[in-house]
Amino acid sequence: MAGDFFTRDWFLSVLQKKLTTWMLQKTQPLTMSLGLVDVILYHETYERLKEKYAHGIIQVCHLTIYFQCLWKGCSDVYFMDVGCGNGLLLITEGFRGVGVDIRRRRIWETYPESVRKNLLEMPLDPDQSPGFPDVTWFIGNHSDELTPWLPILAARSNPKCCVFALPCCPFGLFGKYNNLMHHTGIEDDSSGPLSSSNAIKPVHNRYGVYIQYLRGLFTACGFIPETDVLRIPSTKRICIIGRKLLTSQNDQIKRLAAVQETIERERQAATGKNGFVPRELKEPVRNCTQLPMDVKQTVSELVFSTLLSKAPDRLWLKSHNLVISDSLSVQTVDGRWWNPGVVTKSPAIRFIDGLYRTNVQTGERLSRSTGHLTLREVSELLNTDHLKLMKSQHGGLQTFLRNHHHMFEIRNGSVRLRWNPEQMAQIPSQNSVSLLSVPAKKRPMQRKDRSCWMFEHHPDGCPYPSEKCDFSHETANLSEPSSPIGEPMSKVRTSTEL
Numbered sequence: 001m002a003g004d005f006f007t008r009d010w011f012l013s014v015l016q017k018k019l020t021t022w023m024l025q026k027t028q029p030l031t032m033s034l035g036l037v038d039v040i041l042y043h044e045t046y047e048r049l050k051e052k053y054a055h056g057i058i059q060v061c062h063l064t065i066y067f068q069c070l071w072k073g074c075s076d077v078y079f080m081d082v083g084c085g086n087g088l089l090l091i092t093e094g095f096r097g098v099g100v101d102i103r104r105r106r107i108w109e110t111y112p113e114s115v116r117k118n119l120l121e122m123p124l125d126p127d128q129s130p131g132f133p134d135v136t137w138f139i140g141n142h143s144d145e146l147t148p149w150l151p152i153l154a155a156r157s158n159p160k161c162c163v164f165a166l167p168c169c170p171f172g173l174f175g176k177y178n179n180l181m182h183h184t185g186i187e188d189d190s191s192g193p194l195s196s197s198n199a200i201k202p203v204h205n206r207y208g209v210y211i212q213y214l215r216g217l218f219t220a221c222g223f224i225p226e227t228d229v230l231r232i233p234s235t236k237r238i239c240i241i242g243r244k245l246l247t248s249q250n251d252q253i254k255r256l257a258a259v260q261e262t263i264e265r266e267r268q269a270a271t272g273k274n275g276f277v278p279r280e281l282k283e284p285v286r287n288c289t290q291l292p293m294d295v296k297q298t299v300s301e302l303v304f305s306t307l308l309s310k311a312p313d314r315l316w317l318k319s320h321n322l323v324i325s326d327s328l329s330v331q332t333v334d335g336r337w338w339n340p341g342v343v344t345k346s347p348a349i350r351f352i353d354g355l356y357r358t359n360v361q362t363g364e365r366l367s368r369s370t371g372h373l374t375l376r377e378v379s380e381l382l383n384t385d386h387l388k389l390m391k392s393q394h395g396g397l398q399t400f401l402r403n404h405h406h407m408f409e410i411r412n413g414s415v416r417l418r419w420n421p422e423q424m425a426q427i428p429s430q431n432s433v434s435l436l437s438v439p440a441k442k443r444p445m446q447r448k449d450r451s452c453w454m455f456e457h458h459p460d461g462c463p464y465p466s467e468k469c470d471f472s473h474e475t476a477n478l479s480e481p482s483s484p485i486g487e488p489m490s491k492v493r494t495s496t497e498l
């Protein structure tokens, strides 16, 4: 089959085209981290603080170190940490400042009174705030809807006030950030005030465009925006710092007028929103766990039945050294045949499978008929009302399926029943030394406080013996409900019954 596929036409129309595309890609410059601070001082401070504080707050610790290096030589620092991300350790390290958040954090109770008295639970409306004259630095670490307001608050506070922003979720001044709606009216040159050591390479993804939007806001507020890359365990590591003023913004009255003009320009672009929208005091639960019980049971039962009715991929099953029948069922350790339903393929198998299913004339991908059930195909099974309910939640359908991890597994955008083929292959067969023959005292004890969903609801039961399963097969000894999705489901119909 491989000889028939790898033809001269395929090499010319598919492979050569792909290799040419890869080789013509431009090499991007290497982005250096910690370009605005003394790296040696940074590492010396890190060695001192890592022994002093727990490793569980490593990101906050690294940010505290960064500020200590950034503020070296500054004796009049008084910060306001919006969101209380870094104010905790900064106060502990002897810096003066306050932390402000709309909701009290439970971690506050673990700090001494000298720190807790400077942590304030209060709403902050930056649109109406005249600023804070005593503050010399505003800090925003993942401050979400307050992030774009930080340079505005700094400009309103006093001419010497500086600002540090580590953006995460993209927000504009009056709601979620929109590439088309949000603009500052100022063209920002990313390479302007930056040295080559810490210049951020231009990017065209949503996060990169949002960074450019924030830099434009900094410029509109009279700051020279400096950008650096932090050494923190996060994918959002780019920070923006405003500590130097543009020469044209020495007049504070004109500066504040330019700030207000920027606010009004975006206010007009924000359709239907006349002011700042703060986060809710009590954040609602939107992870699909609060859906009506009948909806959760109906959807999960429908997806489960559909997975069982689809034929699995024979090559994928064989690639895991499983014993399979003519009907593509998998043999268990006790000799039963178990229906795995559709399966998702590993990246390597999917890549080769994709090559074999490419039209050598047009280069187009051909559709698969079995062995694959995408999230899109799952969504097409549901009615409009159920989809609307899920879309109102954070994550939607994928979040719902992940909540039912005892039933489903999602890999590479595909859904399959939750079972481990590697574990199935490692279970000894009846012809070899059985796991059940190992004395009980030599088997590791495992406390099981939940019943096995597969054992109760899959037509073929659980694919593992009780000793190998992570859940209990003895439901009579459990006080919990047997089905985490609500009322117990009846045995799901097999593919022959559908």
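One point on numbering: in UniProt numbering, the residue at position 127 of the sequence shown is 127, and numbering is uninterrupted. We treat Cβ as the ideally placed atom computed from N, Cα and C, and that holds for glycine. All figures in this text were calculated on a predicted structure; none of them were measured in a lab.
### Query
threonine 298 and leucine 381: beta carbons closer than 7 Å?
For this step, residue 298 is matched to residue 298 along the sequence shown. For this step, residue 381 is matched to residue 381 along the sequence shown. In this structure, leucine 381 does not lie closer than 7 Å to threonine 298 by Cβ.
### Query
If we call anything under 7 Å between Cβ atoms a contact, is phenylalanine 276 one with proline 148?
Looking up residue 276 in the sequence shown gives position 276. Looking up residue 148 in the sequence shown gives position 148. It is not a contact, given that the beta carbons lie outside the stated cut-off.
### Query
Exposed or buried, which one is tryptophan 22 when buried takes at least 16 other CB atoms within 10 Å?
Mapped onto the sequence shown, residue 22 falls at position 22. So tryptophan 22 ends up on the exposed side.
### Query
Hey, how far is the Cα of leucine 230 from the Cα of glutamine 260?
Position 230 of the sequence shown, counted from the start, is the residue given in the question as residue 230. Position 260 of the sequence shown, counted from the start, is the residue given in the question as residue 260. Answer to the nearest angstrom: the Cα atoms are 31 Å apart.
### Message
Does glycine 216 pass the burial test, meaning 16 or more other C-beta atoms within 10 Å, or should it be called exposed?
### Response
For the purposes of this step, residue 216 is identified with residue 216 of the sequence shown, where counting begins at 1. So glycine 216 counts as buried.
### Query
How would you label proline 133, buried or exposed, when you count the other beta carbons within 10 angstroms and need 16 or more for buried?
Walking along the sequence shown from the start, residue 133 turns up at place 133. Proline 133 should be labelled exposed.
### Message
Looking at the secondary structure, which residues open and close the alpha helix (DSSP H) in which aspartate 385 lies?
### Response
One-based indexing of the sequence shown puts residue 385 at position 385. Per DSSP, aspartate 385 belongs to the alpha helix (DSSP H) from 384 to 391.
### Query
Any idea what DSSP makes of aspartate 9, helix, strand or coil?
Taking the sequence shown and counting its residues from 1, the one referred to as residue 9 is at position 9. Helix, per DSSP.
### Query
When you compare only the Cα positions, how much space is there between aspartate 385 and leucine 36?
Sequence index remark: in the sequence shown, residue 385 carries index 385 (1-based). Sequence index remark: in the sequence shown, residue 36 carries index 36 (1-based). Those two C-alpha atoms are separated by around 52 Å.
### Message
By the three-class DSSP mapping on this structure, what secondary structure does residue 499 have?
### Response
In the structure as shown, the chain begins at 1 and stops at 498. Residue 499 is therefore absent and cannot be evaluated.
### Query
Who are the Cβ neighbours of phenylalanine 455 in its own chain at under 6 Å, not counting the five residues just before and after it?
Mapped onto the sequence shown, residue 455 falls at position 455. Cβ neighbours of phenylalanine 455 beyond the five flanking positions: Gly461, Cys462 and His473.
### Task
Say whether chain B places a C-beta atom closer than 7 Å to the C-beta of isoleucine 57.
Absent from the structure: chain B. Only one protein chain is present.
### Message
If you measure between the beta carbons of valine 100 and leucine 63, is that distance less than 7 Å?
### Response
Here residue 100 refers to the residue found at position 100 of the sequence shown. Here residue 63 refers to the residue found at position 63 of the sequence shown. Not in contact: valine 100 and leucine 63 (Cβ atoms no closer than 7 Å).
### Task
Give every residue of the same chain whose Cβ lies closer than 6 Å to the Cβ of isoleucine 241, excluding the five residues on either side of it in the sequence, and list them in chain order.
What you label residue 241 is simply residue 241 of the sequence shown in a count that begins at 1. Excluding positions up to five away in sequence, the list reads Phe164 and Glu226.
### Message
Between which two residues does the beta strand (DSSP E) holding cysteine 162 run?
### Response
Taking the first residue of the sequence shown as position 1, residue 162 is located at position 162. It spans 162 to 166 - the beta strand (DSSP E) in which cysteine 162 sits, taken as one unbroken run.
### Task
Work out the CA separation of leucine 397 and threonine 20 for me, nearest whole Å.
On the sequence shown, position 20 is the one that residue 20 refers to. On the sequence shown, position 397 is the one that residue 397 refers to. Near 38 Å, if we compare the C-alpha coordinates of leucine 397 and threonine 20.
### Task
Starting from the Cα of tyrosine 66, find the closest Cα among Leu120, Tyr213, Ile238 and Lys388 and give me that residue.
In the sequence shown, residue 66 corresponds to position 66, counting from 1. Looking at the Cα atoms, Ile238 is the closest of the given residues.
### Query
Between the Cα of glutamate 283 and the Cα atoms of Val98, Arg104, Leu41 and Ile232, which residue gives the shortest distance?
Within the sequence shown, numbered from 1, the residue matching residue 283 stands at position 283. Measuring from the Cα of glutamate 283, the nearest candidate turns out to be Arg104.
### Query
From what residue to what residue does the alpha helix (DSSP H) around glycine 208 run?
By one-based count along the sequence shown, residue 208 stands at place 208. Segment 206 to 220, the alpha helix (DSSP H) holding glycine 208.
### Query
How about valine 60 and leucine 34: are their beta carbons less than 7 Å apart?
Residue numbering aside, residue 60 sits at position 60 when the sequence shown is read from its first letter. Residue numbering aside, residue 34 sits at position 34 when the sequence shown is read from its first letter. Taking 7 Å as the Cβ cut-off, valine 60 and leucine 34 do not qualify as a contacting pair.
#### Entry: Residues that DSSP places opposite leucine 245 in a beta bridge
Residue 245 sits at position 245 when you count from the first residue of the sequence shown. Partner(s): Phe223.
#### Entry: Spatially closest choice to serine 114 from Pro130, Phe95, Gln423 and Gln128, by CA coordinates
Here the question's residue 114 lines up with position 114 in the sequence shown. Checking every option, the nearest Cα to that of serine 114 belongs to Phe95.
#### Entry: contact_flag[the stretch 135 to 143, the stretch 166 to 178] where n(CB pairs < 8 Å) is 3 or more
yes
### Cβ neighbour criterion (16 or more within 10 Å) applied to arginine 255
Within the sequence shown, residue 255 is the residue found at index 255, counting from 1. That one is buried.
### Task
Have a look at Met80, Gly172, Phe174 and Thr110 and flag the residue whose alpha-carbon is nearest the alpha-carbon of phenylalanine 138.
Here residue 138 refers to the residue found at position 138 of the sequence shown. Cα-wise, what sits closest to phenylalanine 138 is Met80.
### Message
When you compare the CB positions of glycine 208 and leucine 246, do they come within less than 7 Å of one another, or not?
### Response
Reading the sequence shown from its first residue, position 208 is the one you call residue 208. Reading the sequence shown from its first residue, position 246 is the one you call residue 246. The answer is no: Cβ separation not under 7 Å.
### Task
Can you tell me the Cβ-Cβ gap for lysine 388 and glycine 341, rounded? I've got them flagged as a contact below 8 Å.
Position 388 of the sequence shown, counting from 1, holds the residue named residue 388. Position 341 of the sequence shown, counting from 1, holds the residue named residue 341. About 27 Å; that fails the 8 Å criterion.
### Task
Can you say whether arginine 8 is buried or exposed, counting buried as having 16 or more other CB atoms within 10 angstroms of its CB?
Walking along the sequence shown from the start, residue 8 turns up at place 8. By the 10 Å Cβ count, arginine 8 comes out exposed.
### Message
Taking the beta carbon of proline 292 as the centre, do at least 16 other beta carbons fall within 10 Å, making it buried, or is it exposed?
### Response
Sequence index remark: in the sequence shown, residue 292 carries index 292 (1-based). The residue in question, proline 292, is exposed, as its Cβ has fewer than 16 Cβ neighbours within 10 Å.
### Query
Hey, would you say threonine 31 sits closer than 7 Å to valine 77, going by beta carbons?
As a working note, residue 31 is residue 31 in the sequence shown. As a working note, residue 77 is residue 77 in the sequence shown. Result no, Cβ atoms of threonine 31 and valine 77 do not sit closer than 7 Å.
### Query
Between the Cα of arginine 411 and the Cα atoms of Asn383, Leu375, Leu302 and Ser392, which residue gives the shortest distance?
Stepping through the sequence shown from its first residue, residue 411 is reached at position 411. Selected option, being the one with the closest Cα: Leu375.
### Query
Are valine 82 and leucine 146 closer than 7 Å when you measure CB to CB?
Residue 82 sits at position 82 when you count from the first residue of the sequence shown. Residue 146 sits at position 146 when you count from the first residue of the sequence shown. Yes; because the gap between Cβ atoms is below 7 Å, this pair is in contact.
### Query
Do you know offhand how far glutamate 47's Cα is from tyrosine 53's?
In the sequence shown, counting from the first residue as 1, residue 47 sits at position 47. In the sequence shown, counting from the first residue as 1, residue 53 sits at position 53. Going by the C-alpha atoms only, they are around 11 Å apart.
### Task
Below 7 Å CB to CB, which residues in the same chain sit around glutamine 252 once its five sequence neighbours on both sides are set aside?
Numbered from its first residue, the sequence shown carries residue 252 at position 252. Result list for glutamine 252: Pro159, in chain order.
#### Entry: 4 or more residues per run - each alpha helix (DSSP H) lying fully within the stretch 308 to 340
314 to 319
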